[in-house]
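Student: Take a look at the following structure, please.
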Amino acid sequence: MARAVSAAIAVLGVLLAATVRATVLDTVSAANSRVVCHYADIIAGYPNVCDAYLRDASNQPWGTEHDACQLFFTWCGTVDKNSPGPLRNATFLGNGHYRIVFHPTTAGWNSLGASIGGNAVSVSPSMMLVHPATISGYHSTSTCHKTMGITKCNVKHRDAFGNVVSACASYSTESSLQPLATCQVMS
1 MARAVSAAIA VLGVLLAATV RATVLDTVSA ANSRVVCHYA DIIAGYPNVC
51 DAYLRDASNQ PWGTEHDACQ LFFTWCGTVD KNSPGPLRNA TFLGNGHYRI
101 VFHPTTAGWN SLGASIGGNA VSVSPSMMLV HPATISGYHS TSTCHKTMGI
151 TKCNVKHRDA FGNVVSACAS YSTESSLQPL ATCQVMS
């Protein structure tokens, strides 16, 4: 709970008429605070919005616009990519409410964690499924190899973040006139 503190100022023993008022906040309680994310199933590169509701030990709203920097978020991909994702700064909306917007780019199941003052804050949902974005011709690959009269081509369609959208393989022999373009797509 916030408390107002008054102090009278004296200079060389002379009491000044001014009074300074300051607000002192109790310590934030990670146990009483929570983070709620809007989407558990999103597309890579699209924004996900999470709202943090911070409370003190008395379960009263905690924080000001200057306290947003104390929120810490980690974004970890489950596919050998344990580096923080591109998280945006928290925006103070008032009454202990902060909004966080981030754009996940790692496809697959990913986890989001939050902490304040080094203490973990409950996040719901904590696991999110990120789907690849649309196919990017620039990031997609196609390789062909010819061995003993058989041509094999492998195609990997990737999105702008390098996530595999689909993959396919095609085979052709010199005696068959099948075009390599008849590729069966496997997701």
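Residue numbering for the sequence shown follows UniProt numbering, starting at 1 and increasing by one per position.
Heads up, the beta-carbon is just placed ideally off N, CA and C, and yes, glycines get one too.
Would you say Ala107 and Ala44 are within 8 Å of each other, going by their C-beta atoms?
Tutor: Yes, the Cβ-Cβ distance between Ala107 and Ala44 is below 8 Å.
Student: In this structure, how does DSSP classify Asp67 when only helix, strand and coil are distinguished?
Tutor: The answer is helix: DSSP assigns Asp67 an H, G or I state.
Student: Whole alpha helix (DSSP H) runs in the segment 105 to 142 with 4 or more residues, listed along the chain?
Tutor: Those alpha helix (DSSP H) runs which fall completely within the segment 105 to 142 and span 4+ residues do not exist here.
Student: Given this structure, state the Cα-to-Cα distance separating Asp159 from Pro61, to the nearest angstrom.
Tutor: In a straight line, the C-alpha of Asp159 is about 41 Å away from that of Pro61.
Student: Just to confirm my understanding: we take Ile135, look at its own chain, exclude 5 residues before and 5 after, and list those with CB closer than 8 Å. What are they?
Tutor: Same-chain partners within the cutoff: His157, Arg158, Asp159, Val165 and Ser166.
Student: Evaluate Val121 with the Cβ neighbour count: other Cβ atoms within 10 Å of its Cβ, from every protein chain shown; 16 or more gives buried, anything less gives exposed.
Tutor: Buried, since its Cβ has 16 or more Cβ neighbours within 10 Å.
Student: Going along the chain, which residues of its own chain have a beta-carbon closer than 8 Å to the beta-carbon of Asn48, five neighbours each way excluded?
Tutor: Same-chain partners within the cutoff: Cys37, His38, Tyr39, Ile42, Val101, Phe102, His103, Pro104 and Met128.
Student: Per DSSP, which one or two residues make a beta bridge with Asn154?
Tutor: Thr143 and Ala169, per the DSSP bridge assignment.
Student: Hey, how far is the Cα of Ser111 from the Cα of Leu93?
Tutor: In a straight line, the C-alpha of Ser111 is about 25 Å away from that of Leu93.
Student: I think Gly117 touches Leu54, with their Cβ atoms under 8 Å apart; what is that distance to the nearest whole Å?
Tutor: Not really, about 10 Å apart at Cβ, beyond 8 Å.
Student: Which partner residues of residue 224 appear in the DSSP bridge assignment?
Tutor: Outside the displayed range of the chain (1 to 187) lies residue 224, so it cannot be described from this structure.
Student: At what residues does the beta strand (DSSP E) containing Phe92 begin and finish?
Tutor: From DSSP, the beta strand (DSSP E) with Phe92 extends over Thr91 to Gly94.
Student: Near Ala68, what residues of its chain come up, given a Cβ to Cβ distance below 8 Å and the 5 sequence neighbours on each side ignored?
Tutor: Answer for Ala68: Asn89, Ala90, Thr91, Phe92 and Tyr98, listed in chain order.
Student: For Ala52, count the other beta carbons within 10 Å of its own beta carbon; 16 or more makes it buried, fewer makes it exposed. Which is it?
Tutor: So Ala52 counts as buried.
Student: Helix, strand or coil, according to DSSP, for Gly85 in the structure here?
Tutor: Unreliable positioning characterises Gly85 in this predicted model, as indicated by a pLDDT of 47, which lies under 50. The coordinate reading is nonetheless provided below. In the structure shown, Gly85 sits in coil (DSSP, three-state: anything other than H, G, I, E or B).
Student: Considering only the alpha carbon of each residue, which of Asn163, Asn119, Thr151 and Ser115 lies closest to Ala137?
Tutor: Here the sequence assigns Gly to residue 137, which means Ala is not the residue at that position. Selected option, being the one with the closest Cα: Asn163.
Student: For His131, which residues from the same chain have a beta carbon less than 8 Å from its beta carbon, with the 5 sequence-adjacent residues on both sides left out?
Tutor: The answer, listed in chain order, is Asp41, Ile42, Ile43, Ala44 and Ala107.
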